[in-house]
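Below is one structure, written out as structure tokens; comments come after it.
Residue numbers (this note's numbering), protein chains in the order written: chain A, 183 to 371; chain B, 183 to 371.
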């Protein structure tokens, strides 16, 4: 997606330890116009899909999942919660996420009320590097025995193992911006 | 807001310790159509305001802030992050939030890049009870010396002290559903 790549190059900042900061428009401040373009692009890519749920994970995925849902007949969005954010009155599917950036472990869960075996699920998230968050969501979908239509990711570091690992499991993964290197400026596939 | 009150009565569940679960449509699963009605209502209430930023706090506030922004010329949304979710390359405004529901303390921050003294800020959040989250956002706005136009809250427990405390500070706070009691079914003001 050309506009997204342009914005990553223009506003993205690369820091030591392979950190890419694109939070001026994606995951701290939100560029609402860009998000509608992102949603439209996901609709184009997944135009043959009829999701009954769009699944994401808090926090940065929520607005992207929401805007994408507006292109799929306003289908419901479910966002996985982290670290006990659900109150105790839930029976949940759950998985553990180890964050590469923070080195910490998070407990990820979705209430069984909002995901079931009849659901056709489109998974949406902001970022894919090692794939820990996406693996959690896929694990939760397997627990729910629902049908995963595919995974739509805004930005992906293809030189890290997440994308290939998840594709090898047989899932469809589509990334709007595929970063192949950040060694000498940001380069895309 | 009548539709919202009806949905709270129909789908809300009251549990011991004054816990109201409305996550089938508001803060775990998202009813996209309802959210557009919520955004439209905030636009009607704050129609004389011209925000340069809509500010909220992760995670449940994000989609509400996003949909509200679509009614204010797609103005940028900034969501405060919790517990070190920002990477280390930020200079931030920050405050501490003590959660009533969870009894835990959270470190809340916003990058100084995305909020400044020239900003006219509309604060949006899902829930107001003791007002801890909203107080954090207002504290951050004072640090940024920006102009707070008002606070739009989806559901508020008016029998808890948050709403009055914040109004007494001189802020405009507008709640779409004002819950005055949950002792014998959910009652609204």
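Where a beta carbon is used, it is the ideal one built from N, C-alpha and C, also for glycine. Values in this document were obtained by computation on a predicted structure and should not be read as measured data.
So residue 334 of chain B packs on residue 306 of chain B, CB below 8 Å; how close in whole Å?
The residue you call residue 334 of chain B lines up with position 152 of the second chain. The residue you call residue 306 of chain B lines up with position 124 of the second chain. Right, the Cβ-Cβ distance comes to about 5 Å (below 8 Å), so this counts as a contact.
Between the C-alpha atoms of residue 262 of chain B and residue 319 of chain B, what's the straight-line distance to the nearest angstrom?
Within the second chain, residue 262 of chain B is the residue found at index 80, counting from 1. Within the second chain, residue 319 of chain B is the residue found at index 137, counting from 1. When rounded, the distance between both Cα atoms is 8 Å.
Taking CB distances under 8 Å as the criterion, tell me whether residue 274 of chain B reaches chain A.
Indexing the second chain from 1 puts residue 274 of chain B at position 92. Judged by the 8 Å Cβ criterion, residue 274 of chain B is not in contact with chain A.
Taking the alpha carbon of residue 234 of chain B as the reference point, which residue from B:313, B:370, B:260 has its own alpha carbon closest?
Along the second chain, read from residue 1 onward, the residue named residue 234 of chain B stands at position 52. For residue 234 of chain B, the nearest C-alpha among the options comes from B:260.
Check whether the segment 215 to 232 of chain A and the segment 315 to 329 of chain A are in contact - that is, three or more C-beta pairs closer than 8 Å.
no
For residue 349 of chain A, name the three-state secondary structure that DSSP assigns.
Stepping through the first chain from its first residue, residue 349 of chain A is reached at position 167. For residue 349 of chain A, the three-state secondary structure derived from DSSP is helix.
Determine the extent of the beta strand (DSSP E) in which residue 338 of chain A is found, giving its start and end residues.
On the first chain, position 156 is the one that residue 338 of chain A refers to. Where residue 338 of chain A is concerned, the enclosing beta strand (DSSP E) stretches over 329 to 339.
Consult DSSP for residue 377 of chain A and reduce its assignment to one of helix, strand or coil.
In the structure as shown, chain A begins at 183 and stops at 371. Residue 377 of chain A is therefore absent and cannot be evaluated.
Give me the chain A residues within the contact set of residue 213 of chain B, using Cβ-Cβ distance strictly less than 8 Å, ordered along the chain.
Position 31 of the second chain, counted from the first residue, corresponds to residue 213 of chain B. The contacting residues are 258.
Counting only Cβ pairs nearer than 8 Å, list the residues of chain D close to residue 252 of chain A.
In summary, chain D is missing from the structure at hand, where the protein chains are A and B.
Label residue 300 of chain B either buried or exposed according to how many other C-beta atoms from any shown protein chain fall within 10 Å of its C-beta, with 16 as the threshold for buried.
By one-based count along the second chain, residue 300 of chain B stands at place 118. With fewer than 16 Cβ atoms within 10 Å of its Cβ, residue 300 of chain B is classed as exposed.
Taking contact to mean 3 or more Cβ pairs, one atom from each stretch, closer than 8 Å, check whether the segment 183 to 190 of chain B and the segment 215 to 224 of chain B are in contact.
yes
Indicate whether at least one CB of chain A lies closer than 8 Å to the CB of residue 271 of chain B.
The residue you call residue 271 of chain B lines up with position 89 of the second chain. Residue contact with chain A for residue 271 of chain B: present (Cβ-Cβ distance below 8 Å to some residue of chain A).
Rounded to whole angstroms, what is the Cα-Cα separation between residue 371 of chain B and residue 193 of chain A?
Residue numbering aside, residue 371 of chain B sits at position 189 when the second chain is read from its first letter. Residue numbering aside, residue 193 of chain A sits at position 11 when the first chain is read from its first letter. Straight-line Cα distance between these residues: approximately 47 Å.
Measure the C-alpha to C-alpha separation of residue 276 of chain A and residue 209 of chain A and round it to an integer number of angstroms.
Locating residue 276 of chain A in the first chain gives position 94, where the first residue counts as 1. Locating residue 209 of chain A in the first chain gives position 27, where the first residue counts as 1. If I take the Cα positions, the gap works out to 24 Å.
From A:205, A:289, A:215, A:329, pick the residue whose C-alpha is nearest to that of residue 353 of chain A; which is it?
As a first step, residue 353 of chain A must be located in the first chain, where it is residue number 171. It is A:329 whose Cα lies nearest to the Cα of residue 353 of chain A.
Name, in chain order, the residues that DSSP records as bridge partners for residue 216 of chain A.
What you label residue 216 of chain A is simply residue 34 of the first chain in a count that begins at 1. Residue 216 of chain A is not bridged by DSSP to any residue.
Quick one: which residues of the segment 183 to 203 of chain B get their C-beta closer than 7 Å to a C-beta of chain A? List them in chain order.
Listed in sequence order: 197, 201, 203.
Indicate whether at least one CB of chain A lies closer than 8 Å to the CB of residue 241 of chain B.
Here the question's residue 241 of chain B lines up with position 59 in the second chain. Output row for residue 241 of chain B: interface = yes.
Which residue marks the beginning of the alpha helix (DSSP H) containing residue 323 of chain A, and which one marks its end?
Residue mapping note: residue 323 of chain A aligns to position 141 of the first chain, counting from 1. Unbroken alpha helix (DSSP H) run through residue 323 of chain A: 314 to 326.
According to DSSP, is residue 234 of chain A part of a helix, a strand, or is it coil?
Translated into the one-based positions of the first chain, residue 234 of chain A becomes position 52. Of the three classes helix, strand and coil, the one that applies to residue 234 of chain A here is coil, per DSSP.
So, is residue 197 of chain A buried or exposed, given that buried needs 16 or more other C-beta atoms within 10 angstroms?
Looking up residue 197 of chain A in the first chain gives position 15. Exposed is the call here.
Quickly, what does DSSP pair residue 357 of chain B with across the bridge? List them, please.
For the purposes of this step, residue 357 of chain B is taken as the residue at position 175 of the second chain. Residue 357 of chain B is bridged to B:335.
Below 8 Å on the Cβ atoms is my contact criterion, and I expect residue 331 of chain B with residue 292 of chain B to pass it. Report the Cβ-Cβ distance as a whole number of Å.
Taking the second chain and counting its residues from 1, the one referred to as residue 331 of chain B is at position 149. Taking the second chain and counting its residues from 1, the one referred to as residue 292 of chain B is at position 110. Contact flag wrong, Cβ pair sits at about 17 Å.
For the alpha helix (DSSP H) that contains residue 185 of chain B, what are its first and last residues?
Walking along the second chain from the start, residue 185 of chain B turns up at place 3. First-last of the alpha helix (DSSP H) with residue 185 of chain B: 184 to 193.
Along the beta strand (DSSP E) that carries residue 261 of chain B, what are the first and last residues, could you check?
Here the question's residue 261 of chain B lines up with position 79 in the second chain. Here the beta strand (DSSP E) through residue 261 of chain B covers 259 to 264.
Please report the residue range of the alpha helix (DSSP H) in which residue 204 of chain B lies.
Locating residue 204 of chain B in the second chain gives position 22, counting from the first residue. Run containing residue 204 of chain B: none; DSSP gives neither H nor E here.
First and last residue of the alpha helix (DSSP H) that includes residue 250 of chain B?
Walking along the second chain from the start, residue 250 of chain B turns up at place 68. Where residue 250 of chain B is concerned, the enclosing alpha helix (DSSP H) stretches over 243 to 251.
Residues of chain A with CB under 9 Å from residue 296 of chain B, in chain order?
Counting from one through the second chain, the residue named residue 296 of chain B turns up at place 114. Contact note: residue 296 of chain B reaches chain A through 205, 206, 210, 211, using a C-beta cutoff of 9 Å and chain order.
Take the Cβ of residue 343 of chain A as the centre, count every other Cβ of all protein chains shown within 10 Å, and call the residue buried at 16 or more, exposed below.
Numbered from its first residue, the first chain carries residue 343 of chain A at position 161. By the 10 Å Cβ count, residue 343 of chain A comes out exposed.
Among residues of its own chain, excluding the 5 on either side of residue 294 of chain B, which ones have a beta-carbon nearer than 7 Å to its beta-carbon?
Along the second chain, one-based indexing puts residue 294 of chain B at 112. 273, 274, 275, listed in sequence order.
Using beta-carbon positions only, say whether residue 244 of chain B and residue 244 of chain A come within less than 8 Å of one another.
Numbered from 1 along the second chain, position 62 holds the residue referred to as residue 244 of chain B. Numbered from 1 along the first chain, position 62 holds the residue referred to as residue 244 of chain A. A Cβ-Cβ contact shorter than 8 Å links residue 244 of chain B with residue 244 of chain A.
Indicate the three-state DSSP secondary structure (helix, strand or coil) for residue 229 of chain A in the structure shown.
In the first chain, the residue the question calls residue 229 of chain A occupies position 47. Taken through DSSP and simplified to helix, strand or coil, residue 229 of chain A comes out as coil.
In the DSSP output, what is residue 371 of chain A paired with across the bridge?
Locating residue 371 of chain A in the first chain gives position 189, counting from the first residue. The partner list for residue 371 of chain A (beta bridge, DSSP) is empty, contrary to what the question assumes.
When you compare the CB of residue 244 of chain B with every CB in chain A, is at least one pair closer than 8 Å?
The residue given as residue 244 of chain B occupies position 62 in the second chain. Output row for residue 244 of chain B: interface = yes.
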